[in-house]
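In the numbering used here, the protein residues as written are 3 to 570. Cβ atoms here follow ideal geometry from the backbone N, Cα and C, with glycine treated the same way. For clarity, every value in this text was computed on a predicted model and none was experimentally measured.
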């Protein structure tokens, strides 16, 4: 897979030479140790000659002007030079603790090296000295955004709004405001910030990209794609912007272009910052497989694995037709669900373990790259509608345990992973669900599908909402699948529960925010990926009330149909 650098156009090039090997590298390290000594209190104990030499070094470092400090910090953009740029910048800041530019440069070097959490302290030092130092508030806001935009949103907004108040033409601050304000309840604010940023920096890739993201929350899809294409035009080698464009293309059903852009996810997605696993064998891109063993493996979250494991039979047929072998390595959290449902198509199924412990293979491919290789379109998504099946005896036991319940049996999942960056938008919350669905308790039995949500379940019960919770009995997705198979309906936000129910062919109602995961596409009520799933969409940003009103009305109809069957 190609690797795409993330350098922005217009960045200052590093003034430092290429890294040097061997003895010269050790001399450089010795020089840095000398700089550390020259800027520490320990130098006062040295002899006269040493003190004189150290004093000259300190004087030389103090003599650097602000531009020189910024050029030193810029060296951290190059990974091979990052350590020396960071150490030099930090040394100068220690030497001149009352100089805002020195602390700013120290933070800047760390930020260039993607060490955003470490950059916060030197930026705060600079802020205490001179709050209005150019770009300081914007850069600190950027570092806080990278750490956790939700936790730090109040301080981030304060810093950026100060910046644009001080200088209404501060394009960088407007660019960041367009990104930060997208978490606000009013989507027009990030749109306005994005437009202002583009007016000030019409050829800025980041301004175009952030505006595209704001347009997505506002459901302005044509404008979002236009802006995302502009971002890629201005920064053709930026993987994150190519990935953002591909997400819009996939969401709009443009699989022909979307799958290709999706291949840069390992360089462009913050969730995959650790990078693609390093395999000792080459990645497979469709080459002949006669006499060769192909390893296919799962990536990202459980929902992704549940959605894309459907490709295993298609892949196996292709591999075996060419005279090859297929090895599948998957997630142990699935239990026996995947091996039982699809394992027969493979020559070997295994789970977990480090790369070096994998069985022998000649080439490898990720499940999520298969749609591109097979040229998937809406009408060629592999089936069948139910491609996973629970363990029959376990499913039968659950049906027997629930047999005494005559009401419609409905499983609920009201939040996704708490660490997912979009979960604040996707999450409905049990308290909101109970408000809208409590009126159905006479005809509907509700069951929690939310592991680890005991406190929320107890709070709902205390408020009068009857909901059963068997999640403590489930150790794997196979256990959960057996339970889900015994239900009449699953109501879920965009999380693994929706994918599991869809893969099992269970009747599912998925609750979607205005800017959903690409798999759900736009406007349609059905899903080409899960034929038994019905989609309930937000019409306005962060407004779940109308969605749950629709769910409540349809639930009443379904419960009525169920009751009629029970009385026959």
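Secondary structure at residue 330: strand, using DSSP grouped into helix, strand and coil. If only complete runs of 4 or more residues are kept, the stretch 312 to 397 shows the alpha helix (DSSP H) at 313 to 323, 339 to 344 and 372 to 375, in order along the chain. In the DSSP assignment, the residues bridged to residue 299 are 331 and 368. Note that the C-beta distance between residue 332 and residue 340 is below 7 Å.
By the beta-carbon neighbour count (other beta carbons within 10 angstroms, threshold 16), residue 501 is buried. When the beta-carbon positions are compared, residue 176 and residue 210 stay at least 7 Å from each other. Approximately 14 Å separates the beta-carbon atoms of residue 397 and residue 505; this is outside 8 Å, ruling out the contact. Runs of the alpha helix (DSSP H) lying entirely within the stretch 49 to 115, each at least 4 residues long, are 50 to 64, 68 to 76, 84 to 97 and 102 to 114 in chain order. With a beta-carbon spacing of about 4 Å, residue 387 and residue 533 fall inside the 8 Å limit used to define contacts. For residue 510, the beta-bridge partners assigned by DSSP are 492 and 535.
For a cut-off of 8 Å, the C-beta gap from residue 225 to residue 217 is around 5 Å, short enough to register as a contact. Annotation for residue 450: the continuous beta strand (DSSP E) segment containing it runs 446 to 450.
The criterion of a C-beta distance shorter than 7 Å is satisfied by residue 478 and residue 337. DSSP places residue 430 outside both helix and strand once states are collapsed to three, so it counts as coil.
With respect to the C-alpha of residue 239, the residue from 269, 464 and 150 having the closest C-alpha is 269. In the DSSP annotation of this structure, the continuous segment of the beta strand (DSSP E) that includes residue 415 starts and ends at 410 to 415. Distances from the alpha-carbon of residue 458 to those of 98, 435 and 153 put 435 closest. Looking from the CA of residue 407, the closest CA among 390, 190 and 445 belongs to 445. Membership of residue 266 in any alpha helix (DSSP H) is not indicated, and neither H nor E is assigned to it by DSSP.
Under the three-state reduction of DSSP output, residue 158 falls in the helix class. In the structure shown, the three-state DSSP call for residue 169 is coil. Closest option to residue 380, judged by alpha-carbon separation, among 110, 538, 258 and 360: 258.
Within the same chain, Cβ atoms closer than 7 Å to the Cβ of residue 118 are found at 145, 148 and 149, the five residues on either side in sequence being excluded.
Taking C-beta atoms under 8 Å as the contact rule, residue 281 and residue 370 fail to qualify, at a distance of about 15 Å. With fewer than 16 other CB atoms across the displayed protein chains lying within 10 angstroms of its CB, residue 359 is exposed. Using a 10 angstroms sphere on the CB of residue 326, the tally of other CB atoms reaches 16 or more, which defines it as buried. At a Cβ-Cβ threshold of 7 Å, residue 312 and residue 363 do not count as neighbours.
Annotation note: the stretch 167 to 240 contains the following uninterrupted alpha helix (DSSP H) runs of length 4 or greater, listed N- to C-terminal: 173 to 182, 190 to 202, 207 to 219 and 223 to 236. Close CB contacts of residue 499 within its chain, under the 7 Å cut and outside five residues either way in sequence, are with 415, 451 and 492 (chain order). Residue 422 and residue 273 have their C-alpha atoms some 8 Å from each other. Contact between the stretch 558 to 567 and the stretch 539 to 548 is absent, with fewer than three C-beta pairs closer than 8 Å.
Contact fails between the stretch 464 to 480 and the stretch 515 to 530, because fewer than three Cβ pairs, one in each stretch, are under 8 Å apart. Inter-segment contact for the stretch 104 to 119 and the stretch 81 to 95 is present: three or more beta-carbon pairs are separated by less than 8 Å. Residue state for residue 515 is assigned as coil, using DSSP reduced to three classes.
Closest in alpha carbon position to residue 490, among 74, 440, 412 and 285, is 412. Residue 170 is classed as exposed because its beta carbon has fewer than 16 other beta carbons within 10 Å across all chains shown.
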